[in-house]
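Residue numbers (my numbering): 1 to 364. Reading through the structure tokens given below for one structure.
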């Protein structure tokens, strides 16, 4: 199942406007709370200049970017952890995603109402994060109780699980997200099965005013400081500009970007940052039908990469011919790469690298 990021935030912070621009999914963007009840699901392309670089040297019919799934989850409100504003339903939807895009309103607009009557991104972020912490605390307390009962029956690993959960409980009770704790790989795997929301990686998106799209405004600075303190990262976006850009053809889009001081749509940075947030990297395939970027987890093997293309390719894997895209840019052709001895034959356990271009041999 593909990895998925969920967009969260208070009502009317620009979530659905941003989602529409990212995914062009036509989600209703209205000026009232809960206009998004069921999560809208969109597929977002991840811009990658290496695809066009490959295309300079390999003829093909189609260039296909990697994609990721995005869910627009309805706006949370204070009291969501107690069920306020359909909170239990929305929290369950957040629990199902792999990473979180937390939208904070950093723009002033009297025509767009704010649930608290004023713009204060840190207050808004803390409202959401308090509800996520309270929801996690309920889950942790139940898990601790179960683990303690299992420990009394001498179930293997139960005592270690109790200690792990109590570390999480102490952090959450102190107002710190679970992701701020330094876990080993085994502990992180155990926690993934519990589904703690504050263990998920977070990208804060500061939805700034159009005039601040290319500046470091005070609201953005405040969000950046908060992210640094809680283990997140930040991208600044004017959802209104991005929405307008999507309505333009390429020439007009470039002209508008230049007029607001941007070199590319901010959504391109958001898509790439989300890709990294999910722990993904790209490998490439290239042939006469298509040049394509494929998403795989960092650390995936050649066997797993083959399975990303087709299960038959994974089942009948023989070997992979692999080279780096930089070698193609330098040497201009696959024949020259082979002549220079830079085309490698790799087996199932080879760990794929970002910028690998691969051809898989298989037999079923």
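From the three backbone atoms N, C-alpha and C, an ideal C-beta is built for every residue, glycine too. Bear in mind the structure is a predicted one, so any value in this text is a computation, not a measurement.
### Task
Compute the Euclidean distance between the alpha carbons of residue 187 and residue 179, then round it to the nearest angstrom.
Using only the alpha carbons, I get a separation of about 12 angstroms.
### Query
How should residue 22 be labelled, buried or exposed, when 16 other C-beta atoms within 10 angstroms of its C-beta is the threshold for buried?
So residue 22 counts as buried.
#### Entry: Same chain, Cβ closer than 8 angstroms to residue 357, neighbours up to 5 away in sequence not counted
Result list for residue 357: 54, 283, 284, 285, 286, 322, 323, 324, 325, 328, in chain order.
### Query
What do you reckon, are the CB atoms on residue 219 and residue 208 nearer than 8 angstroms?
The answer is yes: Cβ separation under 8 angstroms.
### Task
Taking only runs that begin and end inside the segment 233 to 271, name each unbroken beta strand (DSSP E) of 3 or more residues, in chain order.
Runs of the beta strand (DSSP E) inside the segment 233 to 271: 233 to 237.
### Counterpart residues of residue 221 in DSSP-defined beta bridges
Looking at the DSSP assignment, residue 221 forms no beta bridge with any residue, so it has no partner.
### Task
Tell me, please, which residues DSSP counts as bridged to residue 7.
The partner list for residue 7 (beta bridge, DSSP) reads 72, 101.
### Query
Skipping 5 residues on each side, what residues in its chain have a beta carbon closer than 7 angstroms to that of residue 318?
Closer than 7 angstroms at Cβ, skipping near neighbours: 361, 362, 363.
### Query
Nearest-angstrom Cα distance between residue 171 and residue 266?
Residue 171 and residue 266 have their alpha carbons spaced roughly 34 angstroms apart.
### Query
With DSSP run on the structure shown, which of helix, strand or coil describes residue 344?
Three-state DSSP puts residue 344 in a strand.
### Task
Report the partner residues of residue 292 according to the DSSP bridge assignment.
Residue 292 is bridged to 64, 285.
#### Entry: Supposed close pair residue 9, residue 92 - CB separation, criterion 8 angstroms
For a cut-off of 8 angstroms, the C-beta gap from residue 9 to residue 92 is around 17 angstroms, too long to register as a contact.
### Query
If we count Cβ pairs, one from each stretch, closer than 8 angstroms, do we get three or more for the segment 286 to 301 versus the segment 63 to 73?
Yes, since at least three Cβ pairs between the segment 286 to 301 and the segment 63 to 73 fall closer than 8 angstroms, the two stretches touch.
### Task
Select from 198, 74, 118 the residue whose C-alpha is nearest the C-alpha of residue 15.
Selected option, being the one with the closest Cα: 74.
### Task
Taking 8 angstroms as the cut-off, decide whether the C-beta atoms of residue 94 and residue 139 are in contact.
The answer is no: Cβ separation not under 8 angstroms.
### Task
Assuming residue 17 and residue 240 form a contact by the criterion Cβ under 8 angstroms, report the distance between their Cβ atoms to the nearest whole angstrom.
Correct: roughly 7 angstroms between the Cβ atoms.
### Of the residues 174, 192, 168, the one placed nearest residue 181, counting alpha carbons only
Taking only the C-alpha atoms, the option nearest residue 181 is 168.
#### Entry: Cβ shell of residue 99 (< 6 angstroms), same chain only, five flanking positions each side left out
Listed in chain order, the non-local C-beta contacts of residue 99 below 6 angstroms within the same chain comprise 5, 200, 201, 277, 278, local neighbours out to five positions each way being set aside.
### Task
Return the bridge partner residues of residue 323 from the DSSP annotation.
In DSSP, residue 323 forms a bridge with 357.
#### Entry: Identity of the residue in 280, 320, 273 nearest residue 236 by Cα
Per the Cα distances, 273.
#### Entry: Option nearest residue 302 by Cα separation, candidates 330, 109, 344, 247
Minimum Cα distance to residue 302 is reached at 344.
### Task
Determine the extent of the alpha helix (DSSP H) in which residue 45 is found, giving its start and end residues.
First-last for residue 45: 40 to 45, but that is the beta strand (DSSP E), not the alpha helix (DSSP H).
### Message
Which of the three DSSP states is assigned to residue 183 in this structure?
### Response
Three-state DSSP puts residue 183 in coil, outside helix and strand.
### Query
Under the DSSP definition of a beta bridge, which residues are partnered with residue 362?
Paired residue(s): 317.
#### Entry: Opening and closing residue of the alpha helix (DSSP H) in which residue 139 lies
Boundaries of the alpha helix (DSSP H) around residue 139: 121 to 152.
#### Entry: Own chain residues within Cβ distance below 8 angstroms of residue 299, not counting five before or after
Cβ neighbours of residue 299 beyond the five flanking positions: 351.
### Query
Tell me which same chain residues have a C-beta within less than 8 angstroms of the C-beta of residue 222, skipping the five on either side of it?
Listed in chain order, the non-local C-beta contacts of residue 222 below 8 angstroms within the same chain comprise 121, 122, local neighbours out to five positions each way being set aside.
### Query
Taking the continuous beta strand (DSSP E) assigned at residue 203, which residues delimit it?
Unbroken beta strand (DSSP E) run through residue 203: 201 to 208.
### Query
Which residue or residues does DSSP assign as beta-bridge partners of residue 106?
In the DSSP output, where bridge partners are listed per residue, residue 106 has 208.
### Query
Below 8 angstroms between beta carbons: does that hold for residue 72 and residue 7?
Yes. Within cutoff.
### Task
Sort out for me which residues DSSP pairs residue 278 with in a bridge.
Within the DSSP secondary-structure output, residue 278 pairs in no beta bridge.
### Message
According to DSSP, is residue 230 part of a helix, a strand, or is it coil?
### Response
For residue 230, the three-state secondary structure derived from DSSP is helix.
### Query
How long is the line joining the alpha carbons of residue 255 and residue 261, rounded to whole angstroms?
Roughly 10 angstroms between the two C-alpha positions.
### Message
Using C-beta distances below 7 angstroms, list every residue in its chain close to residue 58, excluding the 5 sequence neighbours before and after it, in chain order.
### Response
So the list reads 286, 291, once near-sequence residues are dropped.
### Message
So the candidates are 238, 132, 205; which of them puts its Cα closest to the Cα of residue 109?
### Response
Of all alpha-carbon atoms in 238, 132, 205, the one lying nearest the alpha-carbon of residue 109 is that of 238.
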